[in-house]
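Inspection log for the structure reproduced underneath, given as structure tokens.
Numbering (the UniProt record's numbering), first residue to last: 1 to 672.
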């Protein structure tokens, strides 16, 4: 135990434990100072002792020290930490990650001060004891003033910036490395941000092919070139990607389960006839099957008119297909008709399973490429990453660390798209078409579509069989909802509590104006008037940045690593006639070797679990000190474990396990 030299026999001694984070490079050579502040007095500013063996404050270290005070500080309210560069190492970017500070009072009481922040350079951080407090419950004037100072300081740093007209705004920052230390990802994750597609190519042993602009000669060549890091699912995809049953399966349980909906009436621009699909329906009547709820549709109309990219000087192509699907008596979902463009006509035939092998296969390939665009830009980038950033920026600007919502909200930032990003450079929907498409996607963004139970009903998918995304997702929505309901109920005892929380009201106002661009048609609230409204919205936020992100992100390499199943781009236009397609046509349509391997590398990177991964339901407990929230957190973790066990049991009997919403595989926030 380190004892400060200023201790006196008549001093009151507080014992402090200062915890350095466990992640890589959490330690520092900087000098760190601590001060305790209570309702009656403050301690002196004391320098933390450094390790006697290696100097500084190594990761995982716990520094114990006595903090002498002339008299009792009263109720402990704040811990103040300050960092100053240590002169011999002042040229280093020597950030320090503090997990928490635990203080034992002279009376023997323990106060926990969660920090979980990076502190860098000449920085001063003031943070509160772990009890969550709403502003109208504050009784000490200095505490109210400190809340205001914290938010005023944050609002100068965290500013809104226009990403593109008609798209949710983002934080004004150029790159992850420019983020303020307060929210910068751990050095580990910061390091992993720099693990670019180039390093991924090296890891996959594909770097020698990254400049090869030749076309693929055969699928065997592709399989031979890529033979590292194949997962079980990857191998299943490579074996089954041509099969109609697997095509249908992916629209339910693959990377993008968000496009399919029940077809109650054939679109006027999709003139499928009874005769066309009779063989696929086993002789049953199409209209009768529609009425029974056995016919489903995916419509990629948002891609209509979007400018296709020019990649390495070559024009690439996009389709805007419609695909009709049927649930067979054996409860298999199969495609029965595909039209590759929105406007029907003689040069836009409806392709059928009864067509030649490569006519039908190429039609499905164009659908899978359209699905790539919808998945990566709409359901992955827009609806998880960009929205997560909106929620995070509004939280940082409007909620102090002591606010309960700050403690259970999740902060995240990382984008997939930049001026020279992989999608911009290598996808058919990259280049100028990317923003054209994103604006259309934003127009479809509604509150209801972000709430899974409502979205499932709206798409008519309540009873479609073998829909594991729905089964597991609704379980997790319910778990999150019950957790939020009880946690919010602990702090907000009635609707008027919600109405008079000015910090909360500013939070939702920022989200409405900067995230949803003040569009009332989205259904996003501009304010909260009841506990019920708040519970629903916060459930959606947590679900979006954790569960939904896992559903559309975790399997990217599994389902997309084998390029023919999820092509990033296509360099031939959609066929306009039948009977002309061959294996050679298919290979010429696929992206070149270099474009393929860059796409594979980024999907591998995006599917790699970060080394400081925290599973859903974990990481909250250190931010609270009250018995009720801690009990609720532990109960929720137990429910998650049970859910995990049930999903594992279900998967045993499946030919292809659906693991992406197993709670152990759902990260607590958007990571990549």
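The C-beta atom is built at its ideal place from N, Cα and C for all residues, glycine as well.
Through-space distance from residue j to residue i, alpha-carbon basis
i           : j           : result
residue 28  : residue 157 : 24 Å
residue 654 : residue 60  : 42 Å
residue 129 : residue 103 : 10 Å
residue 229 : residue 607 : 12 Å
residue 313 : residue 433 : 16 Å
residue 319 : residue 262 : 22 Å
residue 243 : residue 589 : 19 Å
residue 363 : residue 346 : 16 Å
residue 529 : residue 387 : 23 Å
residue 627 : residue 605 : 40 Å
residue 667 : residue 595 : 30 Å
residue 545 : residue 251 : 21 Å
residue 651 : residue 662 : 10 Å
residue 401 : residue 531 : 21 Å
residue 439 : residue 231 : 35 Å
residue 469 : residue 30  : 48 Å
residue 428 : residue 377 : 12 Å
residue 73  : residue 66  : 14 Å
residue 420 : residue 444 : With a pLDDT of only 43 at residue 420, under the threshold of 50, the placement of this residue in the model should not be trusted, and no figure is reported.
residue 45  : residue 520 : 51 Å
residue 195 : residue 169 : In this predicted model, residue 195 has a pLDDT of only 45, less than 50, meaning its place in the structure is not dependable; the value taken from the coordinates is given anyway. Each residue's Cα considered, the two are about 26 Å apart.
residue 139 : residue 540 : 32 Å
residue 485 : residue 629 : 11 Å
residue 584 : residue 592 : 14 Å
residue 115 : residue 482 : 27 Å
residue 260 : residue 330 : 19 Å
residue 435 : residue 307 : 10 Å
Residues bridged to residue i (per DSSP)
i           : result
residue 104 : 15, 110
residue 314 : 311
residue 295 : 326
residue 125 : 81
residue 348 : 345
residue 170 : 161
residue 118 : 97
residue 674 : Within the shown structure, residues of the chain are numbered from 1 to 672, placing residue 674 beyond reach of any answer.
residue 263 : Residue 263 pairs with nothing; no bridge assigned.
residue 134 : Paired residue(s): none; residue 134 is not in a bridge.
residue 403 : DSSP output for residue 403 lists no bridge partner at all.
residue 76  : 38
residue 667 : 615
residue 57  : 28
residue 47  : 33
Limits of the unbroken beta strand (DSSP E) element including residue i
i           : result
residue 35  : 31-38
residue 687 : The structure shown does not extend to residue 687, since the chain is modelled only from 1 to 672, so the question has no answer here.
Cβ distance (whole Å) where residue i is taken to contact residue j below 8 Å
i           : j           : result
residue 492 : residue 534 : 7 Å
residue 570 : residue 296 : Not really, about 24 Å apart at Cβ, beyond 8 Å.
residue 322 : residue 270 : 5 Å
residue 272 : residue 324 : 6 Å
residue 159 : residue 172 : 4 Å
residue 721 : residue 473 : No answer is possible for residue 721: the residues shown for the chain start at 1 and end at 672.
residue 501 : residue 151 : With a Cβ gap of about 13 Å, residue 501 and residue 151 do not count as contacting.
residue 407 : residue 623 : 4 Å
residue 18  : residue 69  : Not a contact, Cβ separation roughly 17 Å.
residue 245 : residue 334 : 6 Å
residue 430 : residue 618 : About 36 Å separates the two Cβ atoms, so there is no contact after all.
residue 538 : residue 405 : 7 Å
residue 448 : residue 515 : Actually they do not touch by this definition, with Cβ atoms about 16 Å apart.
Span of the alpha helix (DSSP H) around residue i
i           : result
residue 26  : Neither: residue 26 is in no alpha helix (DSSP H) and is coded neither H nor E.
residue 66  : It is not in any alpha helix (DSSP H) - residue 66 instead sits in the beta strand (DSSP E) that spans 62-69.
residue 233 : 232-240
residue 549 : 549-553
residue 436 : 432-443
residue 249 : 244-253
residue 359 : 357-373
residue 391 : 387-398
residue 277 : 274-277
residue 428 : Looking at the DSSP string, residue 428 is not in any alpha helix (DSSP H), and its letter there is neither H nor E.
residue 221 : 219-225
residue 447 : 447-450
Beta carbon proximity, residue i to chain B, threshold 8 Å
i           : result
residue 472 : Protein chains in the displayed structure number just one, and chain B is not present.
Exercise for review: Kindly provide the ranges of any alpha helix (DSSP H) runs that are 4 or more residues long and lie completely inside the segment 580-633, ordered along the chain.
Suggested key: 583-589, 593-606, all fully within the segment 580-633.
**Study point:** Unbroken stretches of the alpha helix (DSSP H), 4 residues or longer, contained in the segment 453-503
**Key:** Qualifying alpha helix (DSSP H) stretches, in chain order: 468-491, 495-499.
**Study point:** Whole alpha helix (DSSP H) elements within the segment 501-572, 4-residue minimum
**Key:** Correct list: 502-510, 531-543, 549-553, 556-560.
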